[in-house]
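Student: This is the structure I want to talk about, given as C-alpha cells.
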Amino acid sequence: MNILYDRGKQTFFHGGEPMKTYAFAKGAFLLSSRGSEACYEFTIAPNHSNKPSIPLIGIVSSKEGSNKYKGNFGLFRCIQQDVAESGGICFVFSPQDIFGDSIAGIIYHHGLNKWVKCVFPVPNVIYNRVPSRHAEQHKEYEKLLVFVRKHGIPFFNPHFFNKWELHGLLSKNEELLPYLPATEQVTNEESFIRFLTANRKIYVKHTLASQGKGIRLIEIDPTGRVLCKSTKKIERFVNVSRLLQTYPDWFTTQQWIMQEAIQCRTLQDHRYDFRVLVLHTGKAFKLIGIGVRMSQRQEVTTHVPSGGKIISVKEVADSGAKQEIGRIVQLCGEELAKSFGYIGEFSIDIAPRETGGFVLFEINSKPMTFDEEEIENSRRQQLVRTFLTLSAKHNQG
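In C-alpha cells, the structure reads:
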C-alpha cells in the first residue's frame, strides 16, 4: 500500500481506492490522492481489516541546532521498516519539532536513500530515545511532556532513572529486598567511614551515571590501608582520610551513593553478570533476552567498552536461574509502573551471589543495544507488537 506525503499541502494521503478513507494516527484520517512530483511516496503493508487504520509511531530523540538529529539511527531505521511491514508509519523527531498539534519530524525515504522532512499529526505512541539526561532537562522536553499529557499518548519511557530514587522505591517491596545490596547516599565523611568499615568493600556510584562511568570499587584491609579501583587505574591510600581528600566532590553534590560490594560467582576467576532486557506487551511485562558480560582487564565493571567479554547465557544459567530472573523482572516492572506510570521497556543488571540467589545492581530506562543479534531482533519485533497493541487502544483523539 502506498502512502503519499504532499510537500506543498504538508498532508498525508493514501494511494489506494479513490473513495476509501483510512483512520490515521490519533484522531486523523487519510483521504485518497494520486501521486505527483510534489509527493514523497512510502510503502507499507496493506490493511485488510473491517475498520482499517494506519498507526503512527513517533520516536523522540534530540538534535543540535535546527537540523542535526542525535541518536541510534541504525535502530530507528530498523524500527521504521518493521513498523511499515506491519502496516504503520514511524518517524523521528525532537521536542523542539512540536508545533501546536503537529510535529515537523523526519522519516527515512528508501527511494531517495535519505531522511526527509514531513509534518505529522499526533502519533498513537511515542518511543522515548532522548539520548542524555541533559536533553531531558531542557525546557523543550517539558513541552513534549505537555503534548503527551494533552493527547493522552502512551510514552516509552518517562525519563532516565536516578539510582538513589530507584533504591528507595524498590526497597518498599519486601519480595525485592533480599536482592538489593546495602545502599546509602553519600552525605558526610563520618557516615562514609562507618559504611566502609562495616562492609570492608563497597562501590561508590554517581546517581545519574551509566555504563560504569565514575564508578569506584573501594576496599579497606585490616591495617586500615585503602585500595580504590576504577575501570582505568588503581589507587592506594594509607587511610580513609587520604582517600576522601582526593574525592571531595562525593560530599558536595548529594549525587553519589555507596553500595555494598557483594561477593558474586566467577567463571575462570572473573566475575560475570546478566543484562536482562524487558519489554511491556501492552498487557504485561515480558523477558526478551539475557546477555552475559564477564570482566577481563579489570574487576570493577563488566561493560564491554571497559574491557568486558560477552559469553553465552548457557554457560552460566540453568532453567531455575532463568525462572528466578523472570520473577525478579515482574516485581521490578510492577514497582516501576507504580511510581513512574507506563514503562514500555527497561533492562536490569543482575548477578548470581556466591552464596546463592541474586543481587540486583542497576535498572536502566533506556536499554543499550545488545550485541546478541537474536536479542535485538526479538526486541524490535516485540516493540512493534507493543506499539500496535497500544495504538489500537489509544487511536482516538
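Residue 1261 is where the sequence shown starts when you use our numbering, and the numbers rise one by one after that.
We put the beta carbon where it would ideally sit given N, CA and C, even for glycine.
1) Are there 16 or more other CB atoms within 10 angstroms of the CB of residue 1505, so buried, or fewer, so exposed?
2) Assign residue 1263 to one of three DSSP states: helix, strand, or coil.
3) Could you give the DSSP three-state label for residue 1558: helix, strand or coil?
4) Which of the three DSSP states, helix, strand or coil, is assigned to residue 1318?
5) Pick helix, strand or coil for residue 1397, following the three-state DSSP scheme.
6) Any heavy atom of the ligand GDP within a distance shorter than 7 Å of the CB on residue 1470?
7) Can you check the stretch 1473 to 1551 for any beta strand (DSSP E) of at least 3 residues that lies completely inside it and give the ranges in chain order?
8) Check whether the stretch 1378 to 1395 touches the stretch 1627 to 1634, taking contact to mean three or more Cβ pairs, one atom from each stretch, closer than 8 Å.
9) What does residue 1627 pair with, by DSSP beta-bridge criteria?
10) Taking only the alpha-carbon atoms, compute the straight-line gap between residue 1459 and residue 1354 and give it to the nearest angstrom.
11) Within the stretch 1397 to 1465, note down every full beta strand (DSSP E) run reaching 3 residues or more, in order along the chain.
12) On the DSSP letters alone, give me the boundaries of the beta strand (DSSP E) that residue 1388 sits inside.
13) Less than 8 Å separating the beta-carbons of residue 1383 and residue 1318?
14) Around the Cβ of residue 1306, are there at least 16 other Cβ atoms within 10 angstroms (buried) or fewer (exposed)?
15) Count the C-beta pairs between the stretch 1531 to 1543 and the stretch 1466 to 1480 that are closer than 8 Å, then say yes if the count reaches three, no if not.
16) Assess, as a yes-or-no matter, whether the stretch 1610 to 1626 is touched by the stretch 1525 to 1540 under the definition of 3 or more beta carbon pairs within less than 8 Å.
17) Over the uninterrupted alpha helix (DSSP H) stretch that includes residue 1344, give me the two end residues.
18) Whether or not the stretch 1434 to 1443 and the stretch 1394 to 1408 are in contact is what I'm after, with contact meaning three or more pairs of Cβ atoms, one per stretch, closer than 8 Å; do they touch?
19) Cβ atoms of residue 1416 and residue 1622: under 8 Å apart, would you say?
20) On the premise that residue 1427 lies in contact with residue 1443, defined as a C-beta separation below 8 Å, what is that separation, rounded to the nearest angstrom?
21) Out of curiosity, what's the CA-to-CA distance linking residue 1649 and residue 1495?
Tutor: Answer, in terms of the structure:
1) exposed
2) strand
3) Low confidence applies here, because residue 1558 scores a pLDDT of 48, under 50, leaving its location unreliable; read the following figure in that light. Coil at residue 1558, not helix or strand.
4) strand
5) coil
6) Inclusion of the ligand GDP in the displayed structure is not the case, the ligand content being empty and no account of it being possible.
7) If we require 3 residues or more, the beta strand (DSSP E) runs fully inside the stretch 1473 to 1551 come out as 1476 to 1480, 1486 to 1489, 1494 to 1497, 1516 to 1520 and 1530 to 1540.
8) The answer is no - the stretch 1627 to 1634 does not touch the stretch 1378 to 1395, with fewer than three Cβ pairs under 8 Å.
9) Answer by DSSP bridge pairing: none, since residue 1627 is not bridged.
10) 45 Å
11) 1443 to 1445
12) 1385 to 1388
13) yes
14) exposed
15) no
16) Yes: the two stretches touch, three or more of their Cβ pairs being nearer than 8 Å.
17) 1333 to 1345
18) no
19) no
20) 5 Å
21) 52 Å
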